[in-house]
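K.L.:
Have a look at this one before I ask anything.
Protein chains: 2
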Amino acid sequence: MSRADTPRRGSRPGRAGIRDVAAAAGVSITTVSDALNGKGRLPDATRRHVREVADRLGYRPSAAARTLRTGKSGLIGLTVTTYGDEPFTFTEFAYFAEMARAATSAALARGYALVILPATSRHDVWSNVALDGTVVIDPSDEDHVVGELVRQGLPVVSDGRPAGSLPVAAWVDNDHEAAVLGILDHLADAGARRIGLLTGTTTDTYTHLSTTAYLHWCERVGQDPVYEAYPAHDPCAGAVAADRLLARPDRPDAVYGLFDPNGTDLLAAARRYGLRVPEDLLLVCCSESTVYASTEPPITTLSLKPRRIGTAVVQLLIDAIEGVKSDQPVQQVIPTELIVRTSSERRSPRTTISPPRSPEEG
Amino acid sequence: MSRADTPRRGSRPGRAGIRDVAAAAGVSITTVSDALNGKGRLPDATRRHVREVADRLGYRPSAAARTLRTGKSGLIGLTVTTYGDEPFTFTEFAYFAEMARAATSAALARGYALVILPATSRHDVWSNVALDGTVVIDPSDEDHVVGELVRQGLPVVSDGRPAGSLPVAAWVDNDHEAAVLGILDHLADAGARRIGLLTGTTTDTYTHLSTTAYLHWCERVGQDPVYEAYPAHDPCAGAVAADRLLARPDRPDAVYGLFDPNGTDLLAAARRYGLRVPEDLLLVCCSESTVYASTEPPITTLSLKPRRIGTAVVQLLIDAIEGVKSDQPVQQVIPTELIVRTSSERRSPRTTISPPRSPEEG
DNA sequence: CTCGTTGACAGGTACGTTTCTGCAAGGTCA
DNA sequence: TGACCTTGCAGAAACGTACCTGTCAACGAG
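From first to last, the protein sequence lines stand for chains R and L.
Numbered per our numbering, the first sequence spans residues 1 to 362.
Numbered per our numbering, the second sequence spans residues 1001 to 1362.
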């Protein structure tokens, strides 16, 4: 019935389709597709001509049609844990932001874009987006969003060892035990006699591994464990827990805090109890924030290197998507970095802190 | 040729299509589509039956096919400014993270997902994802990514007044002039005689509006402007600029810092010059971070309410996408919030700071 | 008894690509 | 001079869905 010579102006008037380009260039649809995608065997003249016409018409291939045809969308999900309504918790802010930033860049460099998908997303939302694969941060075995993605055959790469038997294609993680042991040794070297821990009540892998590493270390060196746990996603609970820890009769003379805000909270608590840092109390916390470089005193922090993790996770995922046989292992352990500052330098308390000078001196 | 009774097992073996559901349920494709989407006029028995069969087969509609057919992808872009290689700059970390978080939640609640798209994305990446619309943060008139999206007819809503004549569908912003004037008045009320400003060298709207508001205020009250500008995306430059500001012969007795890290940097600089806060120097900075609640002393901050902005931006965008005639205006001004803490309370310096007590007292 | 109406479904087309399969024209070689 | 390959391109079949256009029965009204 309808001959092909009707220019099909029924669709969106603004957007030119591949058909329009073909007609305008006087070639077939196949030739246009081949010319623009570098496929087929065409003389350069034809290729140039087609490209030129396409540019002139402002032709943009339909992503949906391409995805439908090729089965590849160029989208990868970034599944984040949720506490309450909001994606990613307060304590993970800096970590998550850095990690997502690096992941975005890495994905972009390989032609992919990132879709933010909270783990508690409504089913109809994340099943309605065509993903080529997913990065999942700190997967729990209860996460049936991830479970179903895996069941659908989508590649999944996790940040953090997968709990339970989640069959992820690859994972990237820090060696949290080694990191904690390293910090405890560092504090002991600095003269700490009784090291306390500020930890979380949640059951995630990071908290669990770090806490047990602490307990093992205590057992090994024969120290009684001194720790306080609090719900890490509650911004106020941290300050209270820090206070509790320093109020104990067996008050530690050094503390490691597992979460980002612990540093300022512990510092504030120390001030309340009249404890000088680092003279009376050594302090280290796990954080990606740079504020700890300019606190009084600057606080030693452990960086989990979220940038490297984000990059590695995305690389592994895209390798899995594209079927690249990478020479990288599918389990990568990213080393942590201890940034030593004044708060854990017991023996040289006055090298970086200048004593106050009088105002007229400035 | 090929009769319809061949079950088309040539496609992905794992995924059931709408055809398979229709065959298994003994109905037509149309009936399946209508039953699952709530369209058409079907008896509830049929609807239930189809739904049941679909569940049993684990049927998931293809997002790509649906997008191609309906023209709606359920994806909205989140376009962020870039400095160097990485999306969103260091100084905007907390703001951006909060804003993105709220935007993600709001989008999710209405059935949309967010795609992170740095403004400097390779052309082929962001033109390869089917977007229903875009949120753009702090749009510059030079941003030809946004320009082209608009030209394609995609709804664009911006966080921040659009520079130049970018024809966005709507925008959300703070009243930055009013915020700055409010802070300056607040500092003056607290006893400040000469208020300094720590600002940026970039040409974005926020920096520009805030700086001119400061200059106007100075002119009005007859104070000589005292300010230092630095490239805000450089993490180190801020500390240097803070130092410079306090080293000036016309040293201010109060400072407002436009960027998040300015608080700690100014505090550190004040310590170096032996200036007590708030006795010798009043301090306010613009930040979303909670660390300023537990610095010594706690620092007064201005919050731009990124959560409210993120939510509002997404609501406006989705309204535009769905053609909803919202009763909300298409330009929304979100009020800022000044969180007053010790650093700007000149007349009551010792209400919240406990003097150090001796260690044995704990 | 006829005729519009309504309910319950099926057929088929279109969405815009990519790509497999052809098919001439021209060159090469025995 | 055929047989055979290469080049340059066109036709048409998918991809999986949504929806428009029927069709066929039952049914009440005139």
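Cβ coordinates follow ideal geometry from the N, Cα and C atoms, glycine included.
Helix, strand or coil: how does DSSP classify Pro355/R here?
P.N.:
Within the first sequence, the letter at position 355 stands for residue 355/R. The pLDDT assigned to Pro355/R is 40, lower than 50, so where the model puts this residue is not dependable; a value taken from the coordinates is nonetheless given after this. Residue state, collapsed to three classes: coil.
K.L.:
DSSP three-state call for Val1115/L: helix, strand or coil?
P.N.:
Sequence index remark: in the second sequence, residue 1115/L carries index 115 (1-based). Correct three-state label for Val1115/L: strand.
K.L.:
When the Cα of Leu282/R is compared with those of Ala254/R, Leu302/R, Leu275/R and Ala293/R, which residue comes out closest?
P.N.:
Position 282 of the first sequence holds residue 282/R. With distances taken between Cα atoms, Leu282/R lies closest to Ala254/R.
K.L.:
Under three-state DSSP, which class holds Ile59/R?
P.N.:
In the first sequence, residue 59/R corresponds to position 59, counting from 1. Before going on, a small fix: residue 59/R reads as Tyr here, not Ile. Tyr59/R falls in the coil class under three-state DSSP.
K.L.:
Where does Thr1081/L sit, in a helix, a strand or coil, going by DSSP?
P.N.:
Residue 1081/L sits at position 81 when you count from the first residue of the second sequence. Reduced to three states, the DSSP call for Thr1081/L is coil.
K.L.:
When the Cα of Ala64/R is compared with those of Leu75/R, Gly58/R and Asp55/R, which residue comes out closest?
P.N.:
Here residue 64/R corresponds to residue number 64 of the first sequence, with the count starting at 1. Per the Cα distances, Leu75/R.
K.L.:
Verify the CB distance criterion: does Thr201/R have a CB-CB separation below 9 Å to chain L?
P.N.:
Looking up residue 201/R in the first sequence gives position 201. Chain L contact via Cβ: absent.
K.L.:
Quick one: which chain L residues come within Cβ less than 8 Å of Asp74/R?
P.N.:
If you number the first sequence from 1, residue 74/R lands on position 74. The residue asked about is misnamed: residue 74/R is Gly in this sequence, not Asp. Per Cβ cutoff of 8 Å: Val1125, Asn1128 and Val1129.
K.L.:
Considering just the uninterrupted stretch of the alpha helix (DSSP H) at Val146/R, what are its terminal residues?
P.N.:
Sequence index remark: in the first sequence, residue 146/R carries index 146 (1-based). Element bounds for Val146/R: His144 to Arg151.
K.L.:
With 16 as the cutoff for other CB atoms within 10 Å, does Arg1041/L come out buried or exposed?
P.N.:
Stepping through the second sequence from its first residue, residue 1041/L is reached at position 41. The residue is exposed, with fewer than 16 neighbouring Cβ atoms inside 10 Å.
K.L.:
Helix, strand or coil: how does DSSP classify Tyr371/R here?
P.N.:
Past the boundaries of the shown model lies residue 371/R; chain R is included only from 1 to 362, so the question cannot be answered.
K.L.:
Could you check which residue in Asp1260/L, Arg1066/L, Thr1104/L and Ser1344/L has the C-alpha nearest to that of Leu1198/L?
P.N.:
Walking along the second sequence from the start, residue 1198/L turns up at place 198. Of the candidates Asp1260/L, Arg1066/L, Thr1104/L and Ser1344/L, the one whose C-alpha sits nearest the C-alpha of Leu1198/L is Asp1260/L.
K.L.:
Less than 9 Å between CB atoms is the rule here; does Phe1259/L satisfy it with respect to chain R?
P.N.:
Position 259 of the second sequence, counting from 1, holds the residue named residue 1259/L. By this cut-off, Phe1259/L is not an interface position.
K.L.:
Leaving aside the five residues before and after Ala1237/L along the sequence, list all residues of the same chain whose C-beta is less than 7 Å from its C-beta, in chain order.
P.N.:
The count along the second sequence starts at 1 and reaches residue 1237/L at position 237. Answer for Ala1237/L: Tyr1230 and Pro1231, listed in chain order.
K.L.:
Smallest Cα separation from Ala1178/L: which of Leu1302/L, Asp1044/L, Asp1020/L and Ser1127/L?
P.N.:
Numbered from its first residue, the second sequence carries residue 1178/L at position 178. The shortest C-alpha separation from Ala1178/L is found at Leu1302/L.
K.L.:
With C-beta atoms as the reference, is Ile1299/L less than 9 Å away from Arg1341/L?
P.N.:
Your numbering for residue 1299/L matches position 299 in the second sequence. Your numbering for residue 1341/L matches position 341 in the second sequence. Cβ atoms of Ile1299/L and Arg1341/L: closer than 9 Å.
K.L.:
Comparing the C-beta of Val291/R with each C-beta of chain L, is any distance below 9 Å?
P.N.:
Counting from one through the first sequence, the residue named residue 291/R turns up at place 291. So, interface residue.
K.L.:
Alpha carbon to alpha carbon, what distance is there between Ala102/R and Gly58/R?
P.N.:
Along the first sequence, read from residue 1 onward, the residue named residue 58/R stands at position 58. Along the first sequence, read from residue 1 onward, the residue named residue 102/R stands at position 102. Cα-Cα distance, rounded: 32 Å.
K.L.:
Are the stretch 1163-1171 of chain L and the stretch 161-177 of chain R in contact at 8 Å, needing three or more beta carbon pairs?
P.N.:
With the cut-off at 8 Å, the stretch 1163-1171 of chain L and the stretch 161-177 of chain R do not touch.
K.L.:
Which full runs of the beta strand (DSSP E) of 3+ residues lie inside the stretch 236-262 of chain R, going along the chain?
P.N.:
As far as the stretch 236-262 of chain R is concerned, its whole beta strand (DSSP E) runs of at least 3 residues are 254-257.
K.L.:
Compare the Cα-Cα distances from Val125/R to each of Ala1106/L, Leu1245/L and Arg1272/L and report the closest residue.
P.N.:
Here residue 125/R refers to the residue found at position 125 of the first sequence. Closest option to Val125/R, Cα to Cα, is Ala1106/L.
K.L.:
Under a Cβ-count criterion, where at least 16 other Cβ atoms within 10 Å of its own Cβ denotes burial, should Asn1037/L be classed as buried or exposed?
P.N.:
What you label residue 1037/L is simply residue 37 of the second sequence in a count that begins at 1. It counts as exposed.
K.L.:
Rounded to whole angstroms, what's the CA-CA distance from Ile353/R to Glu1279/L? Just pull it up for me.
P.N.:
Taking the first residue of the first sequence as position 1, residue 353/R is located at position 353. Taking the first residue of the second sequence as position 1, residue 1279/L is located at position 279. In this prediction, Ile353/R has a pLDDT of 43, which is less than 50 and means its spatial position is unreliable; nothing more can be read from the coordinates.
K.L.:
Take the Cβ of Gln228/R as the centre, count every other Cβ of all protein chains shown within 10 Å, and call the residue buried at 16 or more, exposed below.
P.N.:
Taking the first residue of the first sequence as position 1, residue 228/R is located at position 228. The residue asked about is misnamed: residue 228/R is Glu in this sequence, not Gln. When all chains shown are included, Glu228/R counts as buried.
K.L.:
Pull up the distance between the alpha-carbon of His1123/L and that of Ala1094/L, whole angstroms please.
P.N.:
Start at 1 with the first residue of the second sequence, and residue 1123/L comes out as number 123. Start at 1 with the first residue of the second sequence, and residue 1094/L comes out as number 94. So the alpha carbons of these two residues sit roughly 28 Å apart.
K.L.:
Given the structure, does Val115/R come close to the ligand NAP, in the sense that its CB is under 8 Å from one of the ligand's heavy atoms?
P.N.:
Inclusion of the ligand NAP in the displayed structure is not the case, the ligand content being empty and no account of it being possible.
K.L.:
Which residues in chain L sit within 7 Å of Ile371/R, going by Cβ to Cβ distance?
P.N.:
Because chain R in this structure spans residues 1 to 362, residue 371/R falls outside the shown range and cannot be described.
K.L.:
So which of Ala1109/L, Leu1078/L and Ala1113/L has the shortest CA-CA distance to Ala1097/L?
P.N.:
For the purposes of this step, residue 1097/L is taken as the residue at position 97 of the second sequence. The residue with the shortest Cα to Cα distance from Ala1097/L is Leu1078/L.
K.L.:
Counting only C-beta atoms, is Leu114/R closer than 9 Å to chain L at any point?
P.N.:
Counting from one through the first sequence, the residue named residue 114/R turns up at place 114. Chain L contact via Cβ: present.
K.L.:
From Leu275/R to Pro118/R, what does the alpha carbon distance come to, in whole angstroms?
P.N.:
One-based indexing of the first sequence puts residue 275/R at position 275. One-based indexing of the first sequence puts residue 118/R at position 118. The straight-line gap from Cα to Cα measures roughly 41 Å.
K.L.:
Report the rounded CA-to-CA distance for Asp1250/L versus Arg1193/L, giving the unit in angstroms.
P.N.:
Position 250 of the second sequence, counted from the start, is the residue given in the question as residue 1250/L. Position 193 of the second sequence, counted from the start, is the residue given in the question as residue 1193/L. Their Cα atoms are separated by approximately 11 Å.
K.L.:
Give the list of continuous beta strand (DSSP E) stretches no shorter than 3 residues that lie fully inside the stretch 1307-1348 of chain L.
P.N.:
Runs of the beta strand (DSSP E) inside the stretch 1307-1348 of chain L: 1331-1334 and 1337-1339.
K.L.:
If I'm right that Cys286/R touches Gly323/R with Cβ under 8 Å, what's the distance once you round it to whole angstroms?
P.N.:
Looking up residue 286/R in the first sequence gives position 286. Looking up residue 323/R in the first sequence gives position 323. So it is not a contact: roughly 36 Å between Cβ atoms.
K.L.:
Is any beta-carbon of chain L found at less than 9 Å from that of Glu296/R?
P.N.:
One-based indexing of the first sequence puts residue 296/R at position 296. Yes - at least one Cβ of chain L is within 9 Å of the one on Glu296/R.
K.L.:
Does any C-beta atom of chain R lie closer than 9 Å to the C-beta of Leu1267/L?
P.N.:
In the second sequence, the residue the question calls residue 1267/L occupies position 267. Closer than 9 Å to some Cβ of chain R, the Cβ of Leu1267/L qualifies, so yes.
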